[in-house]
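Input: a single structure, listed below in structure tokens.
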Amino acid sequence: MGRAPCCDKANVKKGPWSPEEDAKLKAYIDQHGTGGNWIALPQKIGLKRCGKSCRLRWLNYLRPNIKHGGFSEEEDRIICSLYISIGSRWSIIAAQLPGRTDNDIKNYWNTRLKKKLLGKQRKEHQSRRGNSLKQYMKRSASVGDSMVPADNINQSPYWPELPVLAPPIPHSSTQEHRIDSQASMRRLLIKLGGRFSDDDHVINDGTTLHQFPNESSSSDQHIYDQTIYLPSSSSSCPMDALNLNNNIDAQFVNSQYAMDEANLHMLQGQSDTFSSELQEKGYSNT
DNA sequence: AAAGTTTTCAACCGCATTCTC
DNA sequence: CGAGAATGCGGTTGAAAACTT
Numbered sequence: 004m005g006r007a008p009c010c011d012k013a014n015v016k017k018g019p020w021s022p023e024e025d026a027k028l029k030a031y032i033d034q035h036g037t038g039g040n041w042i043a044l045p046q047k048i049g050l051k052r053c054g055k056s057c058r059l060r061w062l063n064y065l066r067p068n069i070k071h072g073g074f075s076e077e078e079d080r081i082i083c084s085l086y087i088s089i090g091s092r093w094s095i096i097a098a099q100l101p102g103r104t105d106n107d108i109k110n111y112w113n114t115r116l117k118k119k120l121l122g123k124q125r126k127e128h129q130s131r132r133g134n135s136l137k138q139y140m141k142r143s144a145s146v147g148d149s150m151v152p153a154d155n156i157n158q159s160p161y162w163p164e165l166p167v168l169a170p171p172i173p174h175s176s177t178q179e180h181r182i183d184s185q186a187s188m189r190r191l192l193i194k195l196g197g198r199f200s201d202d203d204h205v206i207n208d209g210t211t212l213h214q215f216p217n218e219s220s221s222s223d224q225h226i227y228d229q230t231i232y233l234p235s236s237s238s239s240c241p242m243d244a245l246n247l248n249n250n251i252d253a254q255f256v257n258s259q260y261a262m263d264e265a266n267l268h269m270l271q272g273q274s275d276t277f278s279s280e281l282q283e284k285g286y287s288n289t
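Put into structure tokens, the structure is as follows:
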């Protein structure tokens with residue numbers, strides 16, 4: 004016995020919305036609001052659509068003041084910062100970017116921002132690699148060393164062209180894999196210039212959990228202390244703004260993220276060399 | 001110009017949470 | 001308090017557009 008479907012699949016249209024459908028939905032909601040019942044709404048206005056589909060269409064496309072595309076640098080930074088601190092909680096991230104939807108941000112992150120950051124990382128690495136090779140050659144020449152074996156040169160870390168995220172290591176669950184990938188990305192972002200606050204709100208097990216003074220007074224609404232120090236080039240740190248803004252639609256933080264955070268603090272204090280990071284990521288494993 | 005490949009993004013799916021009775 | 005319904009959310013898919021060969 005499975006869960007009952009939310010609507011009669013046979014009588015429901017799927018796929019892209021037509022302008023007529025958009026107009027019907029928009030006109031109705033403009034006039035009556037959603038009525039607090041998305042499931043009943045499509046029948047009321049004669050749309051052969053699932054209520055969930057109507058809701059999604061409204062939230063992601065028809066709702067007033069929606070912005071599409073054209074993400075600014077500032078928005079990029081906010082997205083990155085929040086991704087570092089809370090992970091793929093797109094609805095929370097979207098709440099900080101007026102006019103943006105969670106779906107939009109999720110797509111933007113997955114298709115562009117992630118690649119943009121990885122590209123930046125690779126460039127940075129290549130220049131570092133070039134410099135260290137030059138220095139090495141210089142040193143070798145002055146000491147009169149013979150050329151070292153290729154293996155040793157390879158100790159100068161190689162940043163792979165492709166997937167920087169953790170390679171497909173078997174995991175016991177998809178959830179674990181998700182967290183692992185996320186942790187890798189977060190490490191990468193730290194290296195790119197982000198940094199976690201490591202000096203406060205350490206509770207018991209090292210978890211940096213902080214209750215936000217949220218006006219909604221929901222007792223289980225928590226969020227990390229998100230004081231993240233972005234590259235100094237940013238004149239006004241978005242996260243500072245966020246910290247001042249109690250409006251964050253923060254939800255709970257699960258212990259897995261908290262554990263990850265603690266590990267990141269440890270990482271932060273360790274060697275800044277790429278090789279250690281590579282070992283950590285398992286890139287030495289071909 | 002055509003075929004093949006990659007990228008983008010709207011929409012769907014299913015699970016988790018919240019609400020209502 | 002429990003069950004079922006409704007809603008919210010994040011991951012994934014697939015069609016269309018853009019790009020490359």
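Here our numbering is used: the first residue of the first sequence is 4, the next is one more, and so on. Glycine is no exception: its CB is placed at the ideal position from the N, C-alpha and C atoms.
Residue of the options minimising C-alpha distance to residue i
i, options, result
"Lys118", "Asp105, Cys83, Ser88", "Cys83"
"Glu49", "Gly39, Asp25, Leu62, Asn113", "Strictly speaking, residue 49 in this sequence is Gly, with Glu absent from that position. Among Gly39, Asp25, Leu62, Asn113, the Cα nearest to that of Gly49 is on Asp25."
"Cys53", "Asp107, Cys10, Arg115, Gly38", "Cys10"
"Pro19", "Ala30, Gly39, Ile32, Ser56", "Ser56"
8 Å Cβ cutoff met for residue i and residue j
i, j, result
"Val15", "Lys47", "no"
"Asp105", "Ser94", "yes"
"Tyr86", "Trp112", "yes"
"Leu28", "Leu59", "no"
"Leu121", "Asp79", "no"
Contact set for residue i: own chain, Cβ-Cβ below 7 Å, skip 5 residues either direction
i, result
"Gly102", "Asn68, Ile69, Lys70"
"Lys17", "none"
"Gly36", "none"
"Phe74", "Tyr111"
"Gly38", "Leu44"
"Ile32", "Trp61"
"Ala30", "none"
"Asn266", "Low per-residue confidence applies at Asn266: pLDDT is 41, beneath 50, and the placement is therefore not dependable enough to give any value."
Chain-order list of residues whose beta-carbon lies under 6 Å from that of residue i (same chain, five-residue window excluded)
i, result
"Asn250", "Confidence at Asn250 is low in this model, with a pLDDT of 41, below 50, so its placement is unreliable and no value can be given for it."
"Gln34", "none"
"Asp208", "Below a pLDDT of 50, predicted positions are generally treated as unreliable, and Asp208, at 37, falls in that range; no measurement from the model is reported."
"Ser236", "Confidence in Ser236 is poor, its pLDDT being 38 and thus under 50, which makes the residue's placement too unreliable to answer from."
"Asn63", "Thr104, Asn106"
"Gly72", "none"
N-terminal and C-terminal residue of the alpha helix (DSSP H) that residue i is part of
i, result
"Pro101", "No alpha helix (DSSP H) holds Pro101; DSSP gives it neither H nor E."
"Gly54", "54–60"
"Arg92", "Neither: Arg92 is in no alpha helix (DSSP H) and is coded neither H nor E."
"Lys51", "Counting along the chain, Lys51 falls outside any alpha helix (DSSP H), and DSSP gives it neither H nor E."
"Pro22", "22–35"
8 Å Cβ shell around residue i - same chain, five flanking residues per side excluded
i, result
"Ala43", "Gly54"
"Ile108", "Ile82, Trp93, Ile96, Ala97, Leu100"
"Ser21", "none"
"Glu23", "none"
"Trp41", "Gly54, Lys55, Cys57, Arg58"
"Thr114", "none"
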